[in-house]
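Only one structure is covered here, and it is reproduced in the block below.
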Amino acid sequence: MHTVNRKHISSELAGSIGDLGTLLPYVIGGITIAKLDATGVFIMFGLMYLFTAWFYRIPIPVQPMKVIGAAIIVHHLTPGEVAASGIMMGAIMLILSLSGIIDRVARVTPRSVTFGIQAGLGISLCLLGIDLIQKDWLLGAVILITMLLLINNHKLPASLVALFGGTALAFALYPGLTFPVLKWGINTPHLVIPQWHDFYRGFYIGFLPQFPLTITNSVLVTAVLANQLLPETSKRASDRNLCFTLGVGNLIAAPLGGYPMCHGSGGLAAHYRFGGRTGLTITIIGIILLFIGIFLGSSGLQLLQVIPSAVLGGMLFFSGIDLVRATKIEGSNDTFCYIVVLVLSFAINPAIGFVIGIPLALLLQKGWIKL
């Protein structure tokens with residue numbers, strides 16, 4: 281019995297860090313470029329992870345909203361504009377959940393469209409992983425080969441070996457690297473109250489382009505993937521509930537300096553790939569981030585920056601492969617629609633794949649387009 285428990289905890293611990301490749305680049309960019317308060321960002325991520333673990337009991341991820349994250353870096357959104365984006369997203373997601381509108385959207389969305397978006401996101405994650413790995417090909421090659429050899433080894437979890445072994449190897453290869461001096465203390469988040477003008481830029485630069493991606497990837501695709509990977513324990517991971525937790529989480533986190541947060545199929549695939557099966561997975565990472573926010577604050581950012589990009593890239597790469605592999609399509613019509621949506625989602629945007637995919641699937645189903 282003790283052996284089973286140790287194996288279980290080891291797998292959940294390994295799964296807990298599986299999504300760091302998505303989390304860290306956006307968080308680091310938001311704190312360093314937009315001057316978001318590190319304490320608020322880490323504490324709110326930690327609390328959202330714990331809330332999600334309690335609500336779902338499976339490793340539903342908590343991720344930065346990627347389009348808003350890109351807008352933070354490219355357009356230099358201010359903390360007030362970031363908070364405004366999060367508040368608007370939280371309010372709309374809560375309305376979609378409580379009104380039941382999201383259930384209607386899910387009913388009219390064919391699996392070929394959902395899986396096409398999922399596969400497109402998977403390919404994007406693979407390429408992002410390669411982009412991070414190529415910053416240090418030597419270390420990246422070692423990480424990839426090691427993770428490939430250990431990918432199904434439950435006694436020696438690949439993600440833990442990559443994280444700690446890869447970081448140690450980086451220090452061995454590059455003697456100039458130094459470990460940061462950490463400043464310990466008690467830190468609390470600060471209120472960020474957006475002004476009316478913050479909602480203007482927050483809406484058209486942050487919320488508007490992010491919203492379709494949140495609906496597709498954070499809700500529709502995540503619900504389908506959760507049911508595929510964990511059919512016996514994923515009953516609560518419905519479209520309506522995913523909207524609800526996103527809405528509540530962002531409405532609370534945004535005024536307290538939190539980063540706009542979402543769920544996501546890539547994060548679920550990452551937690552699952554590296555061993556996560558229960559809510560313990562995200563409880564662990566939630567406690568870690570909460571600890572960093574409360575006791576380290578801005579020093580926590582320096583601590584996480586020690587992790588080499590190649591390690592994060594390796595995790596992203598294998599998570600992306602799993603997203604593509606999890607898609608199951610049969611029949612020529614569904615396969616054609618799947619490929620079209622995949623290409624559009626990857627080349628342009630998942631929202632474009634969604635908007636074009638639904639009428640295309642209907643036309644194929646009615647026989648108005650024949651292959």
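Counting in this note's numbering, the sequence shown runs from 281 upward without gaps. Just so it is clear, CB atoms sit at the ideal spot from N, CA and C, and this is done for glycine as well.
{"Check": "Length of the line joining the Cα atoms of residue 551 and residue 438", "Outcome": "12 Å"}
{"Check": "Three-way DSSP call (helix, strand, coil) for residue 390 in this model", "Outcome": "coil"}
{"Check": "Pick from 381, 485, 377 and 523 that is closest to residue 502, judged by C-alpha positions", "Outcome": "523"}
{"Check": "Residue 585, DSSP secondary structure in three states", "Outcome": "coil"}
{"Check": "Segment contact, 8 Å Cβ cut-off, at least three pairs: the region 327-344 with the region 475-488", "Outcome": "no"}
{"Check": "Cβ contact check for the region 358-373 and the region 576-591: 3 or more pairs under 8 Å", "Outcome": "no"}
{"Check": "Environment of residue 379 [buried if 16+ CB atoms lie within 10 Å]", "Outcome": "exposed"}
{"Check": "Within the region 584-634, ranges of the alpha helix (DSSP H) (whole runs, at least 4 residues)", "Outcome": "589-605 and 612-627"}
{"Check": "Host alpha helix (DSSP H) of residue 317 (start-end)", "Outcome": "Taken as a continuous stretch (DSSP letters only), residue 317 belongs to no alpha helix (DSSP H), as it is neither H nor E."}
{"Check": "Beta carbon of residue 534 nearer than 9 Å to that of residue 409", "Outcome": "no"}
{"Check": "Environment of residue 599 [buried if 16+ CB atoms lie within 10 Å]", "Outcome": "buried"}
{"Check": "Nearest to residue 466 (by Cα), restricted to the options 633, 323, 597 and 368", "Outcome": "323"}
{"Check": "Boundaries of the alpha helix (DSSP H) in which residue 377 is found, first to last residue", "Outcome": "359-379"}
{"Check": "Assigned exposure category for residue 497 - 16 Cβ within 10 Å defines buried", "Outcome": "buried"}
{"Check": "Of the residues 426, 345, 461 and 446, the one placed nearest residue 577, counting alpha carbons only", "Outcome": "461"}
{"Check": "For residue 542, the residue or residues it bridges with in DSSP", "Outcome": "343"}
{"Check": "Classification of residue 602 by the beta-carbon crowding that lies within 10 angstroms, buried from 16 upward", "Outcome": "buried"}
{"Check": "Neighbourhood of residue 450 by C-beta distance below 7 Å, restricted to the same chain and skipping five residues each side", "Outcome": "419, 457 and 588"}
{"Check": "Buried versus exposed call for residue 392 [16 or more other C-beta atoms within 10 Å across all chains shown]", "Outcome": "buried"}
{"Check": "Meets three-Cβ-pair contact criterion under 8 Å: the region 306-314 and the region 518-532", "Outcome": "no"}
{"Check": "Residue 511 versus residue 454: straight-line alpha-carbon distance, rounded", "Outcome": "45 Å"}
{"Check": "CA nearest to the CA of residue 331, picked from 403, 562, 607 and 568", "Outcome": "562"}
{"Check": "Contacts around residue 651, its chain only, beta-carbon distance under 8 Å, and the 5 residues preceding and following it disregarded", "Outcome": "612, 613, 616 and 644"}
{"Check": "Where residue 346 falls, given that 16 or more other Cβ within 10 Å makes a residue buried", "Outcome": "buried"}
{"Check": "Own chain residues within Cβ distance below 7 Å of residue 387, not counting five before or after", "Outcome": "none"}
{"Check": "Close beta carbons around residue 508, own chain, < 7 Å, minus the five adjacent residues each side", "Outcome": "606"}
{"Check": "Cβ contact (3+ pairs, closer than 8 Å) linking the region 400-407 and the region 622-641", "Outcome": "yes"}
{"Check": "Given residue 343 as reference, the closest of 304, 554, 368 and 333 once Cα atoms are compared", "Outcome": "304"}
{"Check": "Same chain only: Cβ atoms within 7 Å of residue 641, ignoring 5 sequence neighbours per side", "Outcome": "390, 392, 393 and 617"}
{"Check": "Sub-9 Å separation of residue 354 and residue 316 beta-carbons", "Outcome": "no"}
{"Check": "Beta-carbon proximity of residue 320 to residue 504, cut-off 9 Å", "Outcome": "no"}
{"Check": "Buried or exposed (CB count within 10 angstroms, at least 16 for buried), residue 289", "Outcome": "exposed"}
{"Check": "Contact set for residue 381: own chain, Cβ-Cβ below 8 Å, skip 5 residues either direction", "Outcome": "375"}
{"Check": "Alpha-carbon spacing of residue 282 relative to residue 296, whole angstroms", "Outcome": "For residue 282, the predicted model reports a pLDDT of 40, less than 50, meaning its position is unreliable; a value from the coordinates is still stated below. So the alpha carbons of these two residues sit roughly 21 Å apart."}
{"Check": "With 16 other Cβ atoms within 10 Å as the buried cut-off, status of residue 384", "Outcome": "exposed"}
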